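Inspection log for the structure reproduced underneath, given as structure tokens.
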Amino acid sequence: MGEQAIKSVRRGRSARRTERAEASAVTQPYISRQIPLTELCSEEGLELLERNADIILQETGIEFRDDAEVLNIWREAGAQVDGERVRFPKGLLRQLLKTAPAEFTQHARNPDRNVVMGGKNLVFAPVYGPPFVRDLDGGRRYGTIADFENFVKLAYMAGPMHHSGGTVCEPVDLPVNKRHFDMVYAHMKYSDKPFMGSVTHPDRARDTVSMCEILFGKDFVEQNTVCTSLINANSPMVFDDTMLGALKVYAAANQACIVTPFILSGAMAPVSVAGTLAQALAEGMAGCALTQLIRPGAPVIFGMFSSAVSMQSGAPTFGTPEPTLVFSAMAQLVRRLNLPFRSGGSLCASKIPDAQAAYESANTLLPAVQCGVNFMLHAAGWLEGGLSSSYEKFVMDIDQLAMMEVLCKGYDFSENGQAMDAIQEVGPGNHFLGCAHTQANFETAFYRSTMADNNSFEQWEAEGELRTEDRASKAVKEMLGSYQAPIMDAAKDEELMLFIAQKKESFADSNI
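Right, here's the structure in full:
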């Protein structure tokens, strides 16, 4: 094959790949499952776990450190407070949680992007928290605000990504005490999807709420949820003052907290699945109930992050069976509390987007979808046990999320889905390639991956023998090259920038 012919083939296939990517971007604002849930834990097992969690709450208790206000709130609610240790009478937390909504809407600045948390719904959100970023061109390096903005843009352009997320990477080129302004603004400016707020200090949570009031209007924020926030328990059985401070700010402002025990079993919880579940249930119930004491009816999501620790090296592992058993049972337990549930993600320990990354991510993603997760953080871009945000893996994961959307739609039993006309037309011994039903449906009949190469060896060879991460790298550049920011009200944008400038000028830079 001549050079010009090869280039023609490459252009043709690249154009078709782009068309498929654009088609896959036209998706729903969130998933509403049409398939039944996979429940792995028996009724007897669930009741045992609930009893054990009650014992932990009554006898061992939970520590709320360096926050006298929270301790007083618990004391007035009827809990036993001994120093910073709080023990709870049986049934107290479940009673408090009755005021928490089973479902709630998080509003986006584009109402067409609003998402509903809870019930049969599933919302995908990007990777959260890594200090490093990685791509094929630059390798592994510290994240910058430019990287942060790029990931926000990619999440905005990715149809299967329903949420802009939060700390998609840590912009270490900005002062620690001021970078939250730029991060929240990036979500507001470069995307019109829902987003998360800062939790690294109560003042930064207040700044987030203030910026939301500028963007949405103060009265709207008072009555509606426009922001979610990640509140991690400091497992085992501790909430620290930083997380408590942010929780109080967001709950009081009617903004959603995702209260999440962050557990590495074997280090931060027992090595057993049942032990991990009982401890995490106790921790999560305590944190979620606190939001209701601060503001009854405040939206809250019960979160669960579970990984196992290698007993040989002490490093976290991902994609193994035990965490699947943990979050599957926890999904069942949280549904019994009538709360939205957060867990799962495309998690892996691999340092590059290789086969290990793919296997481990798939072994976390698919079970989480099937077991009934409502909000899935780390759905795309996670690498190196959460230490790196990967550009290539981000778009590779997006391809998998689009497949999950198709899976969650379930079966098509319409007249067209039954295809009886095709069977009658073709009859025995013939093929379906040319029949009217195939001609009418072939373009949309099956999910067509934007990342996988399903061509012949000769075609793959002619196109440069590209690996999946090579194709992903190209896709990232094409997406960022074609990015167009969603329209934003100029007056609100100006007010936000003025607020940020004035706040930054009011205190000195700091790296704490």
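Numbers given in the working numbering equal positions in the sequence shown, counted from 1, plus 516. Glycine included, C-beta positions come from ideal geometry on N, C-alpha and C. It should be emphasised that the depicted structure is a prediction, and the values quoted were computed from it without experimental measurement.
Closest residue to residue i among the options (Cα-Cα distance)
i: Trp898; options: Glu959, Ala935, Gln574, Asp870; result: Asp870
i: Leu731; options: Val754, Pro617, Lys709, Ile578; result: Lys709
i: Gly682; options: Met846, Pro642, Gly594; result: Pro642
i: Arg695; options: His678, Glu575, Gly713; result: Gly713
i: Asp704; options: Pro647, Asn626, Glu563; result: For clarity, residue 704 is Met in the given sequence; the question names Asp instead. Minimum Cα distance to Met704 is reached at Asn626.
i: Ile939; options: Asp928, Cys951, Ser930; result: Cys951
i: Thr792; options: Met801, Ala802, Leu780; result: Leu780
i: Glu1033; options: Met912, Gly659, Tyr701; result: With the chain covering only 517 through 1028, there is no way to say anything about residue 1033.
i: Ala831; options: Val911, Ala783, Gly860; result: Ala783
i: Leu881; options: Val597, Val725, Gly997, Leu638; result: Leu638
i: Ser560; options: Leu849, Leu903, Arg858; result: With the sequence shown as reference, residue 560 is identified as Glu, and Ser is not the correct amino acid for it. Glu560 has its Cα closest to that of Leu849, out of Leu849, Leu903, Arg858.
i: Phe818; options: Ala824, Ala847, Ser829, Val825; result: Ala847
i: Tyr658; options: Ala956, Val911, Asn693, Leu903; result: Leu903
i: Ile589; options: Gly997, Asp628, Phe604; result: Phe604
i: Glu563; options: Arg591, Ala845, Leu949, Asp937; result: Ala845
i: His953; options: Asp937, Gly645, Gly943, Thr776; result: Asp937
i: Arg851; options: Asn890, Val789, Ile572; result: Asn890
i: Gly861; options: Lys867, Asn854, Pro883; result: Pro883
i: Thr744; options: Ser788, Tyr644, Glu994; result: Tyr644
Enclosing beta strand (DSSP E) for residue i [first to last residue]
i: Ser904; result: 904–906
i: Cys804; result: Run containing Cys804: none in the beta strand (DSSP E); it sits in the alpha helix (DSSP H), 789–810.
i: Ser680; result: Looking at the DSSP string, Ser680 is not in any beta strand (DSSP E), and its letter there is neither H nor E.
i: Arg657; result: 655–658
i: Asn637; result: 637–640
Residue interval of the alpha helix (DSSP H) (run including residue i)
i: Cys743; result: It is not in any alpha helix (DSSP H) - Cys743 instead sits in the beta strand (DSSP E) that spans 743–749.
i: Glu585; result: 584–593
i: Asp719; result: 718–732
i: Ala824; result: Run containing Ala824: none in the alpha helix (DSSP H); it sits in the beta strand (DSSP E), 821–825.
i: Gly933; result: 931–934
i: Ile661; result: 661–673
i: Lys1020; result: 1006–1021
i: Ala569; result: 559–571
i: Leu881; result: 871–887
i: Gln975; result: 973–978
i: Glu985; result: 984–998
i: Gln550; result: Neither: Gln550 is in no alpha helix (DSSP H) and is coded neither H nor E.
i: Leu608; result: 608–612
i: Ala865; result: From DSSP, Ala865 is part of no alpha helix (DSSP H); its letter is neither H nor E.
Own chain residues within Cβ distance below 6 Å of residue i, not counting five before or after
i: Phe1023; result: none
i: Ala541; result: Unreliable placement is indicated for Ala541, whose pLDDT of 44 sits below 50; the coordinate value is still reported in the next sentence. Taken in chain order, the residues that qualify are Gly675.
i: Ala569; result: Ala794, Leu797, Ala798
i: Arg567; result: none
i: Glu579; result: Glu600, Arg601, Val754
i: Ala769; result: Val725
i: Glu538; result: Note that Glu538 scores a pLDDT of 41, beneath 50, so its modelled location is shaky; the value from the coordinates is reported in the next line. Result list for Glu538: empty, nothing under 6 Å.
8 Å CB neighbourhood of residue i in its chain, flanking five on each side removed
i: Leu608; result: Ala593, Gly594, Ala595, Ala805
i: Asn630; result: Pro545, Thr621, Gln622, His623, Ala624, Pro710
i: Leu1014; result: none
i: Asp663; result: Val649, Cys685, Pro687, Ser905
i: Lys1008; result: Ile730, Leu731
i: Val992; result: Asp651, Leu670, Tyr907, Glu908, Phe910, Val911
i: Asp598; result: Gly577
In DSSP terms, what residue i is bridged to
i: Cys773; result: Ser745, Val816
i: Thr1080; result: The shown model of the chain, from 517 to 1028, leaves out residue 1080, and the question about it has no answer.
i: Ala785; result: Ser781
i: Gln596; result: Arg603
i: Thr833; result: Ala824
i: Val754; result: Glu579
i: Tyr701; result: The partner list for Tyr701 (beta bridge, DSSP) is empty, contrary to what the question assumes.
i: Arg650; result: Arg656, Ser906
i: Val711; result: Per the sequence presented here, residue 711 reads as Phe, with Val not at that position. Partner(s): Cys743.
i: Phe891; result: Val639, Arg858
Close Cβ partners of residue i (< 7 Å) along its chain, the five nearest in sequence each way excluded
i: Ala767; result: Cys773, Thr807, Ile810, Arg811, Ala814
i: Ile914; result: Ala674, Pro676, Met677, Ala896
i: Pro691; result: Asp1025, Ser1026, Asn1027
i: Phe697; result: Asp723, Ile1016, Lys1019, Lys1020
i: Phe778; result: Asn748, Ala749, Ser751, Phe821
i: Asn946; result: none
i: Asp689; result: Thr660, Ile661
Cβ-heavy atom distance, residue i to the ligand FMN, below 7 Å
i: Val668; result: The ligand FMN is absent from the structure shown, which contains no ligands of any kind.
Original post:
Would the segment 548–564 and the segment 918–937 be scored as touching if the rule is three or more Cβ pairs under 8 Å?
Top reply: Cβ pair count under 8 Å is three or more, so yes.
**OP:** Please confirm if the segment 828–836 is in contact with the segment 610–622, defined as three or more CB-CB distances below 8 Å between the two stretches.
**Re:** Output reads no: the segment 610–622 does not touch the segment 828–836.
Original post:
Is it true that the segment 664–674 meets the segment 988–1004, where meeting means three or more beta-carbon pairs spaced less than 8 Å apart?
Top reply: Yes: the two stretches touch, three or more of their Cβ pairs being nearer than 8 Å.
Original post:
Touching or not, the segment 953–968 and the segment 910–921, by the rule of three or more beta carbon pairs under 8 Å?
Top reply: The segment 953–968 makes contact with the segment 910–921; the number of CB pairs closer than 8 Å reaches 3 or more.
Original post:
Are the segment 716–723 and the segment 748–756 touching, with three or more C-beta to C-beta distances below 8 Å?
Top reply: At 8 Å Cβ cutoff, the stretches do not touch.
Original post:
Contact between the segment 840–849 and the segment 553–572: three or more CB pairs below 8 Å?
Top reply: Yes, the segment 840–849 is in contact with the segment 553–572.
Original post:
Does the segment 871–882 come within contact of the segment 580–588, defined as at least 3 CB pairs closer than 8 Å?
Top reply: The segment 871–882, when compared against the segment 580–588, does not touch it at the 8 Å Cβ threshold.
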